[in-house]
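Student:
There are 2 protein chains.
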Amino acid sequence: MTRDAAPAASARPLRRDAELNRRRILESARAVFGKRGLEATLDDVAHHAGLGVGTVYRRFPSKEHLVEAMFVEQLQEIADLAEQALSAEDPWDGFVDFVWRTVELHSGDRGLREIMLSKAFGHEHVAEVKAHMVPLITRLMERAQESGQLRADLVPTDLPLIHQMVGAAVEYTSAVEPHLWRRCLALILDGLRAEPGRATELPHPGLDQAEIDQAMCAWRQPRHPHPATPPIPREKP
Amino acid sequence: MTRDAAPAASARPLRRDAELNRRRILESARAVFGKRGLEATLDDVAHHAGLGVGTVYRRFPSKEHLVEAMFVEQLQEIADLAEQALSAEDPWDGFVDFVWRTVELHSGDRGLREIMLSKAFGHEHVAEVKAHMVPLITRLMERAQESGQLRADLVPTDLPLIHQMVGAAVEYTSAVEPHLWRRCLALILDGLRAEPGRATELPHPGLDQAEIDQAMCAWRQPRHPHPATPPIPREKP
DNA sequence: CAAAAACCGGAGATGGTGCCTCGACTTCTT
DNA sequence: AAGAAGTCGAGGCACCATCTCCGGTTTTTG
């Protein structure tokens, strides 16, 4: 349960500048993987942090190790969210709230989306936290079903599917209208009710033709020359 | 409107074997791009057709030209579907039927999905056919809204979003359960009704934990060594 | 039937990418 | 001040997709 916060401390306490750089790398990794997904290069991360590639590879043996290190805490955060949602007064509200919050997190971080929905990244530690969440989510949904508010034919594995679907909407439109995913999720949640219940008011207006065209241009562009040179945040030269 | 079926006939009537191979290429392209998406290589297409790469490049100047050639007719087919849906008796049924049919087409052909939802492939011809569809779809949806069955706050540009979302579900699960997308689409369509209307019975059972795990393993796998050696259909050696 | 024209094949040229290493140099710690 | 720890980034390596080239084959023509 309680995990050591600094298991590396036993070996030797990194030199001061090294420790600082380590943190910079983690920060940059979050920013870069968040925006460009896990396909981003460690070279990109290094450049974003204003460091050399070698420095990154000295601290993290491989890309996977870096990814693992940065996402474990974020995953735990989501698990906590589920626990929290279980203690909501109204079961439906608890469930819906959980979905909104998690998708909100996903919407801002492409790397997180990929970690959560794929087993192709991260090591056993990531898998561990994910496994921990399954019973929580199951109970969360069963509770909402027993109260007669969530449709009874939904199963826990539908949740990753919903994340996947909304995630696709995010990826498709985020360049044009970063919050359009709310509209999509609202639509889906309306289909999840067991009780009739009037259609919810959609939280975001639809796109016009020009906007959807723009989205279609950005999607699946074979290669982007250099999306943007990430700024190099540095303090003292 | 009426397009020449064989505009190339004016130049010179390809040699017999060349014409045969041309058709083989088109067939193979459909199969390969359908399964692996537009990222597949012309080398793959050639190999699948049992031909050399050079042969393919002799017939089609570039990948884009080949893609254009194979999808124009399929796109027209979808436009026809829309026209057809407009003459359905019940506006809601017409709309829903159209969505089911188009997603059905998308579900079996990854290349088609990518062509339909991205402007990054194909030339002006593809764009032309797509533009032709916009007013049809608009009317189709307005008709269903005026009859009070489709929720009034939906707009035509929501349709590509729905395709995108279900398409993501297809891509995620098709290796595990090729028809699971029906479940997802049914869920979404339930959220599109204006009238309360009891929740529809889902047309496909949900996944179990092992299946979703399998889907998560297959998704975003960095590199696939050789997914499968496509069989080489040949007649006479 | 033979010559000419059209076509085929597939190795490899070309240009690109990503992961990671290495050795000369710099900074921190004691 | 010495030596341990850390940094840098060019470049090695391995991979990949697009498209070309030309000796050899098949079809058509006269």
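The listed protein sequences derive, respectively, from chains D and W.
Numbering of the first sequence is given in the working numbering, commencing with residue 1 and proceeding in unit increments.
Numbering of the second sequence is given in the working numbering, commencing with residue 1001 and proceeding in unit increments.
Glycine included, each C-beta is placed from N, C-alpha and C at the ideal position.
The structure presented is a predicted model; accordingly, all values stated were derived computationally and were not measured.
Could you please tell me which residues of the stretch 1119 to 1141 of chain W, in chain order, have their CB closer than 8 Å to any CB of chain D?
Tutor: Per Cβ criterion, the list reads Lys1119, Ala1120, Phe1121, Val1134.
Student: Taking the alpha helix (DSSP H) that Ala145(D) falls in, what are its first and last residues?
Tutor: Here residue 145(D) turns out to be Gln, not Ala, going by the sequence shown. Residues 124 to 146.
Student: Between the Cα of Val176(D) and those of Glu146(D), Ala186(D), Leu185(D), Ile212(D), spot the shortest distance and give me the residue it belongs to.
Tutor: Considering only alpha carbons, the answer is Ile212(D).
Student: Report yes or no: is there a C-beta of chain D within less than 7 Å of the C-beta of Pro1160(W)?
Tutor: Taking Cβ atoms only, chain D reaches closer than 7 Å to Pro1160(W), which makes this a yes.
Student: Which class does Arg1016(W) belong to by DSSP, given the choice of helix, strand or coil?
Tutor: Of the three classes helix, strand and coil, the one that applies to Arg1016(W) here is helix, per DSSP.
Student: Measuring CA to CA, which of Asp44(D), Leu202(D), Ala168(D), Ala152(D) is closest to Gly1206(W)?
Tutor: Selected option, being the one with the closest Cα: Ala152(D).
Student: Could you tell me if Leu20(D) is buried or exposed, where buried requires 16 or more neighbouring beta carbons within 10 angstroms of its beta carbon?
Tutor: It is exposed - the Cβ of Leu20(D) has fewer than 16 other Cβ atoms within 10 Å.
Student: Would you say the stretch 1184 to 1201 of chain W touches the stretch 80 to 96 of chain D, given that touching needs at least three Cβ pairs under 8 Å?
Tutor: Cβ pair count under 8 Å is below three, so no.
Student: Mark Thr1041(W) as exposed unless 16 or more other C-beta atoms lie within 10 angstroms of its C-beta, in which case mark it buried.
Tutor: Exposed.
Student: So the candidates are Asp208(D), Ala31(D), Pro196(D), Trp219(D); which of them puts its Cα closest to the Cα of Leu250(D)?
Tutor: This structure cannot settle anything about residue 250(D), because the visible part of chain D is limited to 1 through 237.
Student: Output, in chain order, the set of chain D residues within a Cβ distance shorter than 9 Å of Gly1206(W).
Tutor: Result: Asp153, Leu154, Val155, Pro156, Thr157, Asp158, Leu161.
Student: Shorter than 7 Å from the beta carbon of Glu1114(W) to some beta carbon of chain D?
Tutor: Yes, because at least one Cβ of chain D sits closer than 7 Å to the Cβ of Glu1114(W).
Student: Following a CB-centred definition, is Glu1142(W) positioned closer than 6 Å to any heavy atom of the ligand NAD?
Tutor: Because no ligand of any kind appears in the structure shown, any question about the ligand NAD cannot be addressed here.
Student: Under 9 Å Cβ-Cβ, which residues of chain W neighbour Pro61(D)?
Tutor: In chain order: nothing, as chain W lies at least about 17 Å away.
Student: Kindly indicate if chain D contains any beta-carbon less than 7 Å away from that of Arg1016(W).
Tutor: It does not: the Cβ of Arg1016(W) has no partner Cβ on chain D nearer than 7 Å.
Student: Flag Trp92(D) as yes if its beta-carbon sits less than 7 Å from any beta-carbon of chain W, otherwise no.
Tutor: By this cut-off, Trp92(D) is not an interface position.
Student: Strictly below 9 Å CB to CB, what residues from chain D border Arg1209(W)?
Tutor: Rather than Arg, the amino acid found at residue 1209(W) in this sequence is Gln. Here the neighbours are Val134, Pro156, Thr157.
Student: Using a cut-off of 7 Å between C-beta atoms, extract the partners of Asp109(D) located in chain W.
Tutor: What Asp109(D) touches in chain W: nothing, since even the nearest Cβ is about 15 Å away.
Student: So, at 8 Å on beta carbons, what are the nonlocal neighbours of His1106(W) in its own chain, with the 5 sequence-adjacent residues on each side left out?
Tutor: Excluding sequence neighbours, His1106(W) sits near Leu1112, Arg1113, Met1116, His1163, Val1166, Gly1167, Val1170.
Student: Here's the rule: buried if 16 or more other CB atoms are within 10 angstroms of the residue's CB, otherwise exposed. What is Arg110(D)?
Tutor: That one is buried.
Student: Quick check on the DSSP output: the alpha helix (DSSP H) that includes Gln1209(W) runs from which residue to which?
Tutor: Start and end: 1209 to 1218.
Student: Going by CA-CA distance only, name the one from Asp1090(W), Asp1158(W), Leu1075(W), Arg1101(W) that's closest to His1132(W).
Tutor: The residue with the shortest Cα to Cα distance from His1132(W) is Leu1075(W).
Student: Relative to the C-alpha of Gln149(D), which residue among Arg193(D), His125(D), Glu27(D), Arg198(D) is closest?
Tutor: For the residues Arg193(D), His125(D), Glu27(D), Arg198(D), the minimum Cα distance to Gln149(D) belongs to Arg193(D).
Student: Report the three-state DSSP secondary structure of Glu1201(W) (helix, strand or coil).
Tutor: If DSSP states are grouped into helix, strand and coil, Glu1201(W) belongs with coil.
Student: Given His1179(W), which residues of its chain have a CB within under 7 Å of its CB, disregarding the five upstream and five downstream residues?
Tutor: So the list reads His1204, once near-sequence residues are dropped.
Student: Can you give me, in chain order, the residues of the stretch 162 to 181 of chain D that have a beta carbon less than 9 Å from any beta carbon in chain W?
Tutor: Answer set for the stretch 162 to 181 of chain D: Ile162, Gln164, Met165, Val166, Gly167, Ala168, Ala169, Glu171, Tyr172, Thr173, Leu180.
Student: If we define contact as Cβ-Cβ less than 7 Å, is Trp100(D) a contact residue for chain W?
Tutor: No, Trp100(D) does not count as interfacial toward chain W.
Student: At least one CB of chain W closer than 7 Å to the CB of Arg36(D): is that the case?
Tutor: No, no contact with chain W.
Student: For Ile25(D) and Leu66(D), what's the separation of their Cα atoms in angstroms?
Tutor: About 9 Å.
Student: Would Asp43(D) count as contacting chain W if we go by Cβ distances under 7 Å?
Tutor: With 7 Å as the cut-off, Asp43(D) does not count as an interface residue toward chain W.
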